[in-house]
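Scroll down for the structure; my scribbles are underneath it.
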Amino acid sequence: MSSISCNLSPLLFDEALALILENDFALALIDVQMPGMDGFETVELMRMDERSRGIAVIFISAIYRDEYHQIKGIEAGAVDFITKPIVPQILHGKVQTFIDLYSYRASLEEEVERRTKAEIAIQEQYQEIEVHAHELEAANDELQEACAKLQELDRMKDSLLSTVSHELRTPLTSIKSFAEILRDYGPDEEEGKEFLSIINDESDRLTRLINDFLDLAKIESGHAEWEIAPVQMPEVIRTSVQATEALVDKMGLSVYVDLEPGLPCVTGDSDRFIQVLTNLISNAAKFTPEGGRISVKVRTVEKSESNGSGGMVRVDVSDTGIGISKSNLEVVFEKFAQVGDTLTAKPQGTGLGLPICKEIVEHYGGRIWVESEVGRGSTFSFVIPTSQQTSLAGCSG
Ligand code: ADP
45 MSSISCNLSP
55 LLFDEALALI
65 LENDFALALI
75 DVQMPGMDGF
85 ETVELMRMDE
95 RSRGIAVIFI
105 SAIYRDEYHQ
115 IKGIEAGAVD
125 FITKPIVPQI
135 LHGKVQTFID
145 LYSYRASLEE
155 EVERRTKAEI
165 AIQEQYQEIE
175 VHAHELEAAN
185 DELQEACAKL
195 QELDRMKDSL
205 LSTVSHELRT
215 PLTSIKSFAE
225 ILRDYGPDEE
235 EGKEFLSIIN
245 DESDRLTRLI
255 NDFLDLAKIE
265 SGHAEWEIAP
275 VQMPEVIRTS
285 VQATEALVDK
295 MGLSVYVDLE
305 PGLPCVTGDS
315 DRFIQVLTNL
325 ISNAAKFTPE
335 GGRISVKVRT
345 VEKSESNGSG
355 GMVRVDVSDT
365 GIGISKSNLE
375 VVFEKFAQVG
385 DTLTAKPQGT
395 GLGLPICKEI
405 VEHYGGRIWV
415 ESEVGRGSTF
425 SFVIPTSQQT
435 SLAGCSG
């Protein structure tokens, strides 16, 4: 509330109106009889304006002293009707009461406004607190999820460590036992050679285990280096068949290669694809009885667009071997899953080859799967996207 002043000097109608339009008034003393508009009409006009509607009015009259006019004045909205002669002390007292009432109302309004503002501010703070509470709840959920994941990873790490130790201990135990027999019992030359050859094989397996495990660990931790270049799949197949030739011959098997002419290049790292093919052909050789057949077939399964994108090259490595039971079809892509071992006296491989193949194929946007029938053989297949840099002439090196 600004200052309150008291103006008891008589004003002409126009002067009074101009003041009313610009200022707030606590009380207006209005003469009933005025030149032009009378007091009753003036109050009617005042009630129509937003600013002057609430001003308390006291009528003053020297002529209209009768009851009729006094009632008319009260009905027009006046709070009092004073007749002349005016007693200044009484008028002053009445005016003072209205000024007090006005300033009390103004301070009440100010207080209401202050409290409303404070309430709005509290509401806003409350809403903010609610938003923070929700954010905290979400962060807490995320933390709990991350914690659960970490605990799961910790459990997986523990179980992996115990599996790795177990896998390493098996060939090591074998090596140590045969070395001890050689040292302590001095077997004959033929037996000695056999034991040394076992030691040699087990050392190889130990080396493969460590290499495969380190390779997989590197891939899984995101530290492997992945080359991305157009790769000629026929070249990959040729190199892989050559690399596995000794094993295939040793097992008394034959390999057939069937390449679709004009194959497009795929995207990836040729060494990594050779690693996949070598592992699949070696597995086929390891799990196929003598006289069996391994075939490697490569073809495009989704025709590439003219710019080379959108195509897939599919590779199938089939064998006529022991096959894999239905329940083990998915398991074989898990770490250390040597499901065929139930059929052999001791583990042949590392159980890490297929998980590595899966990581490589999926890294280059492909998919790997197996179809198999126990006793009839298996087909390991994978698809890899074609390279966008392939020329229309194809990539069949
Ligand atoms: P490894 O061959 O070194 O044991 P892999 O991860 O390459 O490891 O293979 C996992 C297991 O899947 C093998 O031990 C074997 O039991 C099974 N397996 C893989 N390829 C074949 C196949 N062609 N025929 C039958 N079983 C297979």
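Those letters in the sequence shown? Residues 45 to 441, by the working numbering. Beta carbons: idealized from backbone N, C-alpha and C, even for Gly.
Return the CA-CA distance between residue i and residue j, expressed in angstroms with no decimal places.
i, j, result
"ILE166", "GLU155", "16 Å"
"LYS379", "PRO215", "18 Å"
"GLU157", "ARG97", "21 Å"
"MET295", "ASN323", "15 Å"
"LEU152", "GLU189", "55 Å"
"VAL123", "ALA177", "55 Å"
"LEU321", "LYS193", "34 Å"
"THR288", "CYS191", "45 Å"
"ASP259", "LEU253", "10 Å"
"TRP413", "LYS237", "41 Å"
"ASP248", "GLU181", "54 Å"
"ALA60", "GLU172", "50 Å"
"PRO79", "GLN140", "28 Å"
"TYR229", "GLU246", "21 Å"
"TRP270", "GLY312", "8 Å"
"ARG337", "LEU297", "6 Å"
Take the Cβ of residue i as the centre, count every other Cβ of all protein chains shown within 10 Å, and call the residue buried at 16 or more, exposed below.
i, result
"CYS309", "buried"
"HIS113", "buried"
"ARG316", "buried"
"LEU240", "exposed"
"SER371", "exposed"
"TYR300", "exposed"
"LYS161", "exposed"
"LEU387", "With a pLDDT of 42 at LEU387, under the threshold of 50, the modelled position of that residue is not reliable, and no figure is offered here."
"LYS128", "exposed"
"TYR146", "buried"
"PRO333", "exposed"
"GLN276", "buried"
"ALA273", "exposed"
Per DSSP, which residues does residue i bridge with? Please list them.
i, result
"LYS341", "ASP302, ASP360"
"LEU444", "Coverage of the chain is limited to positions 45 through 441, which leaves residue 444 absent and any answer about it impossible."
"ILE412", "PHE426"
"VAL275", "VAL310"
"PHE125", "PHE103"
"GLU417", "GLY421"
"GLU346", "MET356"
Please work out which residues of its chain come closer than 8 Å, Cβ to Cβ, to residue i, disregarding the five sequence neighbours upstream and downstream, and give them in chain order.
i, result
"VAL418", "ILE366, GLY367, ILE368, SER369"
"VAL280", "SER314, PHE317, ILE318, LEU321"
Can you list, in chain order, the residues of its chain with a C-beta nearer than 7 Å to that of residue i? Leave out the 5 residues immediately preceding and following it.
i, result
"GLU168", "none"
"SER284", "ILE318, LEU321, THR322, ILE325"
"LYS116", "PHE84"
What residues in its chain sit with their C-beta under 6 Å from that of residue i, if we drop five residues either side in the sequence?
i, result
"GLY410", "PHE426, VAL427, ILE428"
"GLU415", "THR423"
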